[in-house]
Structures are given as C-alpha cells and as structure tokens.
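Data block below; observations after.
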Amino acid sequence: MYWNREMECMPPEQKKKLQLERLQQLVQRVYETVPHYQRILREMGVKPHDIRSLDDLAKLPFTTKDDLRRAYPFNLFARPMKDIVRVHASSGTTGKPTVVGYTAEDIAVWSEVCARSLACAGVTDNDIIQIAYGYGLFTGGLGIHYGAEKLGATVVPISTGNTKRQIMLMQDFGTTVIACTPSYALHLAEVMEEMEVDPVRLRLRIGIFGAEPWSKNLGREIEQKLNILAVDIYGLSEIMGPGVAMECPYDMGLHIFDDHFLPEIIDPETGEQLPYGEKGELVITTLSKQGFPLLRYRTRDVTILHEEPCPCGRTHVRMSRVMGRTDDMLIIRGVNVFPSQVESALLESGQAEPHYLLVVDRKGPLDILEVWVEVSEKVFADEVRRLETLEKKLQHSIESTLGISAKVKLVEPKTIERSQGKAKRVIDKRDLYK
Ligand code: DLL
Numbered sequence: 006m007y008w009n010r011e012m013e014c015m016p017p018e019q020k021k022k023l024q025l026e027r028l029q030q031l032v033q034r035v036y037e038t039v040p041h042y043q044r045i046l047r048e049m050g051v052k053p054h055d056i057r058s059l060d061d062l063a064k065l066p067f068t069t070k071d072d073l074r075r076a077y078p079f080n081l082f083a084r085p086m087k088d089i090v091r092v093h094a095s096s097g098t099t100g101k102p103t104v105v106g107y108t109a110e111d112i113a114v115w116s117e118v119c120a121r122s123l124a125c126a127g128v129t130d131n132d133i134i135q136i137a138y139g140y141g142l143f144t145g146g147l148g149i150h151y152g153a154e155k156l157g158a159t160v161v162p163i164s165t166g167n168t169k170r171q172i173m174l175m176q177d178f179g180t181t182v183i184a185c186t187p188s189y190a191l192h193l194a195e196v197m198e199e200m201e202v203d204p205v206r207l208r209l210r211i212g213i214f215g216a217e218p219w220s221k222n223l224g225r226e227i228e229q230k231l232n233i234l235a236v237d238i239y240g241l242s243e244i245m246g247p248g249v250a251m252e253c254p255y256d257m258g259l260h261i262f263d264d265h266f267l268p269e270i271i272d273p274e275t276g277e278q279l280p281y282g283e284k285g286e287l288v289i290t291t292l293s294k295q296g297f298p299l300l301r302y303r304t305r306d307v308t309i310l311h312e313e314p315c316p317c318g319r320t321h322v323r324m325s326r327v328m329g330r331t332d333d334m335l336i337i338r339g340v341n342v343f344p345s346q347v348e349s350a351l352l353e354s355g356q357a358e359p360h361y362l363l364v365v366d367r368k369g370p371l372d373i374l375e376v377w378v379e380v381s382e383k384v385f386a387d388e389v390r391r392l393e394t395l396e397k398k399l400q401h402s403i404e405s406t407l408g409i410s411a412k413v414k415l416v417e418p419k420t421i422e423r424s425q426g427k428a429k430r431v432i433d434k435r436d437l438y439k
C-alpha cells in the first residue's frame, strides 16, 4: 500500500530531474548559509552552478561524523535557531553527542517518510501501533510517532522498558503493530512465554524493527515467536532518523526514499563511487532538509544498492539489509557505542591502564557488555575489597558515559593481547549480520 503514490512510483527519468533540481538548490543553500560548506567548496573550487547533472555529485565534498563533532552543537545548522523547532542527538565518538536540528518543514518531511514506511509495511489507519522505541533525544520514538499519526493509526506512545506492562497493554488495547528494536521484540516474546501469554491470541500482526543490525534468520525467529510479519526500517539521526529506507513485503531489500535522500555507494578506502550491485559504504545527501542539510554524509554502514524494479511498484532505489560497519561502532541494546567512549571513561578515572577489551555477547535476547580492563601490578595486588570498589567505580563511570549497563572485569597486567597494528578493542560474539 502506498502513502504517496506519485513520489513512490515516479518514473525514473522524472525522479532524476527532481533530484537534480533539489541537489542544485541544496548546494546553493549550503553555499550561502553554512560556513563549513562555504569554506570547503571554495577550497575545492566548486561553485553551485558547477552542479549541472547528477554525476556532478562526485565533485562535492564528503561530510563525516568528525565534521559533525567539530561543529558541536549547532554550527552546521543552515537556519537561525528561531526556525529550528526540534533537536535530537546521538552518541558521538567521544563524550559529546552529535546534534541534529529540524525546521517545521523538516518535521513534515520526516512524518511523511515515516508514514510512507509504515504504509509500505502494510500499516493502515485501522491499526493500533505501540511505539516501544525510546522517546527523547533518540529519533526512534518521536520519528515513528509522527509518521503513525500522519497515517491516521492509533498511537500508543509507551516508549521503551516495562515489558510486562507492554504486554498487558497489547492484550487490553488489541495492539496490532509493534515498533521496537528486533532484540527487544525477542525479549517481549520471552516474557510473554513466562507470563503464559499466547501470541496467537493477540491481535499483533506487524513488527517495525530497526535501529540495530538484525539478520533475516533472526527476523524469521521473531515472526514465528510473535506470529507477525517482521519488517526492516533503516535510518540514522544525522540524515533524519527512522524512515530513510523501508522494506516492503516483497523481501527485495529496503526502498530508500530517494526523492529526499540521495544514495551512493563508495569504496570506503578510496572514496570512489561504486556501481549498483557492488558492496561498499552508503553515502547519503539530504536533498530537501532545511535545518541540517548534509552533503554526501558517510554513514559507515555497508550495503549494496539495487536499481532493478521491485514488484511492489515503487521506483525508489533499494538497499540490501545493512551488512556491517566500516568503523568500530557497536549497537548494544539499541544504543550506539564507540570503544573510544569507554576508553575516555576509563582514563578519566585515573586508575586504569589504557589496555581494555569490550566483549559483547547476546544471552537470549539481551545484549551483554563486559569490559575487561588491565590494572597495574600494584593495584592488582591490592585486597579483594579494594579491587571490587574499583570495579564498581569504573563500571559506574562507563555506564554514565554510555547510558547502558556494563560489567567491568579487572584483569592482570599484560593479559589483553597486544596488537601489531590497529588495536583490537572488541570481541563481538553476536554474529549480527548473518
Ligand atoms: O537508530 C534511527 C532509527 C530508529 C532507525 C528506529 C530505525 C528505527 P541512530 O541512533 O543515529 O539512528 O543510529 C543509526 O543504526 O547508521 C546503522 O548502523 C544502525 N541502524 C539503524 N537502522 C538499522 C537497520 C537510529 N534497520 C545507525 N539495520 C545506523 C541495521 C541499522 N542497522
């Protein structure tokens, strides 16, 4: 089912014309209003009128998470703060988050792409949708919320946590759609079993799952356990939030709403554009965003783009399910975690050596983070009670930096393997992309 047939099924030639028009306006806009882009474009000798075809996209500079970090908090905004009606934020590589801003027009576009996403999954105005993504600075809750309201569905804005209550409301309200991370969906299934609630007797029929990598196999497992159709939604705060791309029931990958988000695949090493069908890093240019427009944002997500038509009739370019990352970002219980954040939390304490290892595992549906930390010979020889106090202190410091729980394990000096080149900071036993 389409939400906006005209845009979703636009003939490719017409779409290219629209994309070019929007790209030209975007480059003009950032050239006039964002000092960062003005400077870089001048340095590169690129003027807005140099963008004459979509191929000229390759002339434009990339934008990276580092650029966003340097612009903290509002220096990449293209509009004065009085026009910004909302900010969201996600974790940065060190202490400071990445902040994104939306004008009222941006919120309208975001609601539109989320309405499209939900409709693409088969959600209608007859549905009752329980939104169990976090509400707050994270984009998941509010993004899907606005899309669902626009679609006319009945929204239950429950946010994350309180699993038993989630299940009670599902039963009492007759919830038909659940939106949450796939790992939380598994947890819901597990708790239902404990509560002896039979999913077949619920009215639940669709799950809108994303915000973290999940395999097709995990999808099947969730479908069986909850007796629903599990659909993949992709997005990132820098670009908008959820609703950048959405899977349709034909199982042919995710449709990127490319009238707003222009995708490319590049070789992450050389930055060269790669053709359709080749695996590489997804790069997105925000064609219509007003508050926080980005040229060629490097998502660090690895995927493949496909242009062949999809039986659903949508002409949007498709991407394969996300296949990995080109950086060391982990997503643990839906929260983006960079090893460097753990490092700064440890070093701030003044009592840990800079040798640490993040061990991530999944017990049932729950991600478990263990941080192994080397301490000096002297500290390690201390009494057990003092070591325990130190463990707790480090644990607290990591938890307050990351916003998720972690278990700290102090280890003897020289236990963590030293590497010849890039340090290995992570052992991820979850096998998320398979
Ligand atoms: O996770 C936005 C979102 C909310 C998407 C709810 C879908 C549903 P961030 O916190 O900025 O934004 O994290 C973005 O999460 O670059 C991917 O690495 C990962 N990610 C998001 N969706 C998927 C997905 C939100 N469907 C980062 N499959 C992205 C795999 C995903 N990875």
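Here the sequence shown stands for residues 6 to 439, numbered as in this note's numbering. Note that beta-carbon positions come from the ideal geometry of N, C-alpha and C, so glycine has one too.
Residue range of the alpha helix (DSSP H) that includes residue i
i: residue 266; result: Run containing residue 266: none in the alpha helix (DSSP H); it sits in the beta strand (DSSP E), 266 to 271.
i: residue 41; result: 40 to 49
i: residue 189; result: 187 to 199
i: residue 231; result: 221 to 231
i: residue 2; result: In the structure displayed, the chain extends from 6 to 439; residue 2 sits before or after that span and is not available.
Cβ-heavy atom distance, residue i to the ligand DLL, below 7 Å
i: residue 216; result: yes
i: residue 237; result: yes
i: residue 341; result: yes
i: residue 384; result: no
i: residue 67; result: no
i: residue 209; result: no
i: residue 447; result: Coverage of the chain is limited to positions 6 through 439, which leaves residue 447 absent and any answer about it impossible.
i: residue 178; result: no
i: residue 151; result: no
i: residue 271; result: no
i: residue 138; result: yes
i: residue 435; result: no
i: residue 362; result: no
i: residue 246; result: yes
i: residue 330; result: yes
i: residue 240; result: yes
For residue j and residue i, believed in contact at Cβ under 8 Å, the rounded distance
i: residue 403; j: residue 347; result: 6 Å
i: residue 177; j: residue 158; result: Their Cβ separation, rounded to whole angstroms, is 17 Å, which puts residue 177 and residue 158 out of contact at 8 Å.
i: residue 154; j: residue 161; result: The Cβ separation is near 12 Å, so there is no contact.
i: residue 141; j: residue 120; result: So it is not a contact: roughly 22 Å between Cβ atoms.
Counted within 10 angstroms of its Cβ, other Cβ atoms place residue i as buried (16 or more) or exposed
i: residue 135; result: buried
i: residue 63; result: exposed
i: residue 289; result: buried
i: residue 189; result: buried
i: residue 430; result: buried
i: residue 179; result: exposed
i: residue 216; result: buried
i: residue 95; result: buried
i: residue 85; result: exposed
i: residue 15; result: buried
i: residue 181; result: buried
i: residue 281; result: exposed
i: residue 71; result: exposed
i: residue 137; result: buried
i: residue 224; result: buried
i: residue 130; result: exposed
i: residue 242; result: buried
First through last residue of the beta strand (DSSP E) which encompasses residue i
i: residue 212; result: 211 to 215
i: residue 93; result: 89 to 95
i: residue 106; result: 103 to 108
i: residue 290; result: 284 to 291
i: residue 360; result: It is not in any beta strand (DSSP E) - residue 360 carries neither H nor E in the DSSP assignment.
i: residue 252; result: 246 to 252
i: residue 71; result: Unbroken run through residue 71 is the alpha helix (DSSP H), 70 to 75; no beta strand (DSSP E).
i: residue 172; result: No beta strand (DSSP E) holds residue 172; the alpha helix (DSSP H) holding it covers 168 to 178.
i: residue 135; result: 133 to 136
i: residue 302; result: 302 to 311
i: residue 379; result: 371 to 379
i: residue 437; result: That residue, residue 437, is in no beta strand (DSSP E); it is neither H nor E in DSSP.
i: residue 240; result: 234 to 241
Beta-carbon proximity list for residue i, same chain, < 8 Å, skipping 5 on both sides
i: residue 234; result: 126, 127, 210, 211, 212, 228, 254
i: residue 381; result: 358, 418
i: residue 55; result: 61, 64
i: residue 38; result: 83, 84
i: residue 108; result: 84, 88, 89, 90, 295, 296
Other residues of its chain near residue i: CB distance less than 7 Å, five sequence neighbours each side excluded
i: residue 420; result: 379
i: residue 35; result: 42, 83, 298, 300
i: residue 168; result: 192, 193, 196
i: residue 364; result: 375, 377, 432
i: residue 331; result: 273, 286, 305, 307
i: residue 205; result: 232
i: residue 337; result: 365, 372, 374, 409
Close-in-space but distant-in-sequence residues of the same chain around residue i (CB under 6 Å, 5 per side omitted)
i: residue 219; result: 187
i: residue 261; result: 250, 268, 321, 322, 324
i: residue 53; result: 32, 33, 36
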